[in-house]
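Below: one structure, written as structure tokens.
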Amino acid sequence: ADQDYEPVNELESFAAHLIGPKIMDPEDSANYFVILPDGAIEGTWYGNTLTGTWRWEDGYFCRALTAPRPAPEDCQEWSVANDRAKLVRNRGAGDATIYALGE
3 ADQDYEPVNE LESFAAHLIG PKIMDPEDSA NYFVILPDGA IEGTWYGNTL TGTWRWEDGY
63 FCRALTAPRP APEDCQEWSV ANDRAKLVRN RGAGDATIYA LGE
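Take the position in the sequence shown, starting the count at 1, then add 2; the result is the number in the numbering used here.
See the structure below:
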């Protein structure tokens, strides 16, 4: 059954759900990143250090990655359900990815 994902389109809601906990690969919790309140992103992905920056714009989480390889800014639509988070790239028009939420 498809879980009911609750859209996260306010920064307050985003902060409450997604700033701080590990956001993990559901298949392998060793792959994760953390969104920090100061606008940084850090984590580990397939053994590589993951770093980036983020900002909030018009209901979207806009992030750019600097490592393990640079990725241009992508603004994403996020939603949450229980211990899962879903992002949809390109302001909700692109590919969806589901993550597990940790502590």
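A virtual CB, placed ideally from N, CA and C, is assigned to each residue, including glycine. In this text the structure is predicted, and so the values were computed from the model without any measurement.
- Query: Identify the residues that DSSP records as bridge partners of residue 7: which are they?
  - Reply: In the sequence shown, residue 7 corresponds to position 5, counting from 1. Its beta-bridge partners do not exist; DSSP assigns none.
- The beta strand (DSSP E) with residue 89 in it runs from where to where? Locating residue 89 in the sequence shown gives position 87, where the first residue counts as 1. From DSSP, the beta strand (DSSP E) with residue 89 extends over 86-90.
- Message: Which of the three DSSP states is assigned to residue 57 in this structure?
- Response: Residue mapping note: residue 57 aligns to position 55 of the sequence shown, counting from 1. If DSSP states are grouped into helix, strand and coil, residue 57 belongs with the strands.
- Return helix, strand or coil for residue 45, following the three-state DSSP convention. Reading the sequence shown from its first residue, position 43 is the one you call residue 45. Correct three-state label for residue 45: strand.
- Item | Simplified DSSP state of residue 96, which is helix, strand or coil | If you number the sequence shown from 1, residue 96 lands on position 94. Coil, per DSSP.
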